[in-house]
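Enquirer: Going down the list, the protein sequences come from chains D and Y.
Numbering of the first sequence is given in this note's numbering, commencing with residue -8 and proceeding in unit increments.
Numbering of the second sequence is given in this note's numbering, commencing with residue 2 and proceeding in unit increments.
The beta carbon of each residue, even a glycine, is placed where N, CA and C say it ideally should be.
Source: prediction; values computed, not measured.
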Amino acid sequence: KNQVEQSPQSLIILEGKNCTLQCNYTVSPFSNLRWYKQDTGRGPVSLTIMTFSENTKSNGRYTATLDADTKQSSLHITASQLSDSASYICVVSASDYKLSFGAGTTVTVRA
Amino acid sequence: DGGITQSPKYLFRKEGQNVTLSCEQNLNHDAMYWYRQDPGQGLRLIYYSQIVNDFQKGDIAEGYSVSREKKESFPLTVTSAQKNPTAFYLCASSPRTSGRSYEQYFGPGTRLTVT
């Protein structure tokens, strides 16, 4: 069964600090891995998408890494801001429409 | 939220009633999807449609029905047969489903509460 596990479930950080979220998956065959940001009560918004050949991709203060050999990905948030408070969802695709979603990591940034 | 709209944002229904959730997109996307989100769980696929007048069941289609009469519209009906309908429902769309890994764009969601 295709699975996506995210850790930690939640974390609290002070404004200006960095944090790293983890994603482990067992999805096979692998097509791509995406990170989404979801604000409370809103739909997810794409941050990055990486294929097998890509091992890092940045979007502003967000940097995602991918190790397809160990089936692990991470999302690093640099110099966190209050607006970074949200749920971050790791999504792995075995085909173009069939996506496997992680349960998300809830990040709370405090002033 | 791109060019996808969902209405209403909040919906309350009594148990035993059918309810239809609206999803409209103006992105000219071929494919549309319905997901259900529950606390502590990842999104689960209910139904998807790759083209007008065609749709397929996802992982949790029981108790739900859809139609795709127009390219821009993909309404979801939650029937009385759905045992646990209270959830956050998300609609998404993508340019197409085959040939490349197309991005899925999500709507703002509808929170359905059934009592």
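Please list the partners that Gly93/D has in chain Y, where partner means a Cβ-to-Cβ separation under 7 Å.
Expert: Those within 7 Å of Gly93/D in chain Y are Gly43.
Enquirer: Could you name the residues of the same chain whose beta carbon sits closer than 7 Å to that of Glu18/Y, not counting the 5 residues immediately before and after it, in chain order?
Expert: The sequence shown places Gln at residue 18/Y, rather than the Glu named in the question. The answer, listed in chain order, is Ser81.
Enquirer: Consult DSSP for Ser74/D and reduce its assignment to one of helix, strand or coil.
Expert: Helix, per DSSP.
Enquirer: For Gly51/D, count the other beta carbons within 10 Å of its own beta carbon; 16 or more makes it buried, fewer makes it exposed. Which is it?
Expert: Gly51/D comes out exposed.
Enquirer: Rounded to a whole number of angstroms, what is the C-alpha to C-alpha distance between Ala55/D and Asn46/D?
Expert: In a straight line, the C-alpha of Ala55/D is about 8 Å away from that of Asn46/D.
Enquirer: Using CA coordinates, which residue listed in Ser76/D, Gln0/D and Val(-5)/D is at the minimum distance from Asn68/D?
Expert: Here residue 68/D turns out to be Ile, not Asn, going by the sequence shown. When only C-alpha atoms are compared, the closest one is Ser76/D.
Enquirer: Does the segment 79 to 96 of chain D come close enough to the segment 3 to 15 of chain Y that 3 or more CB-CB pairs lie under 8 Å?
Expert: The segment 3 to 15 of chain Y is not in contact with the segment 79 to 96 of chain D.
Enquirer: Using a Cβ cut-off of 9 Å, which residues of the segment 3 to 33 of chain D contact any Cβ in chain Y, in chain order?
Expert: Listed by position along the chain: Ser22, Asn23, Arg25, Tyr27, Gln29, Gly32 and Arg33.
Enquirer: Identify which residue in Val53/Y, Gln105/Y, Gln42/Y and Arg112/Y has its Cα closest to the Cα of Val79/Y.
Expert: It is Arg112/Y whose Cα lies nearest to the Cα of Val79/Y.
Enquirer: When the Cα of Phe107/Y is compared with those of Leu46/Y, Arg14/Y and Pro40/Y, which residue comes out closest?
Expert: Selected option, being the one with the closest Cα: Leu46/Y.
Enquirer: For the beta strand (DSSP E) holding Lys48/D, just list the boundary residues, first then last.
Expert: Its beta strand (DSSP E) spans residues Thr47 to Asn50.
Enquirer: Name the chain D residues whose beta carbon is nearer than 9 Å to that of Phe107/Y?
Expert: Chain D residues near Phe107/Y: Tyr27, Gln29, Arg33, Gly34, Pro35, Val36 and Ser37.
Enquirer: Considering only the alpha carbon of each residue, which of Thr11/D, Asp30/D and Glu(-4)/D lies closest to Gly110/Y?
Expert: The option with the nearest alpha carbon to Gly110/Y is Asp30/D.
Enquirer: For Tyr103/Y, tell me which candidate among Tyr16/D, Lys(-8)/D, Asn(-7)/D and Asn23/D has the shortest Cα-Cα distance.
Expert: Nearest C-alpha to Tyr103/Y: Asn23/D.
Enquirer: Check the Cβ-Cβ distances between Val98/D and every residue of chain Y, and say whether any is below 8 Å.
Expert: No, Val98/D lies away from the interface with chain Y (no Cβ there is under 8 Å from its Cβ).
Enquirer: Could you give the first and the last residue of the continuous beta strand (DSSP E) run that contains Ser74/Y?
Expert: Looking at the DSSP string, Ser74/Y is not in any beta strand (DSSP E), and its letter there is neither H nor E.
Enquirer: In whole angstroms, what is the alpha-carbon distance linking Asn85/Y and Ser84/D?
Expert: Rounded to the nearest angstrom, the two C-alpha atoms are 27 Å apart.
Enquirer: Can you pull the chain Y residues whose beta carbon is under 8 Å from the beta carbon of Val83/D, in chain order?
Expert: Neighbours of Val83/D on chain Y: none; closest Cβ ~10 Å, over 8 Å.
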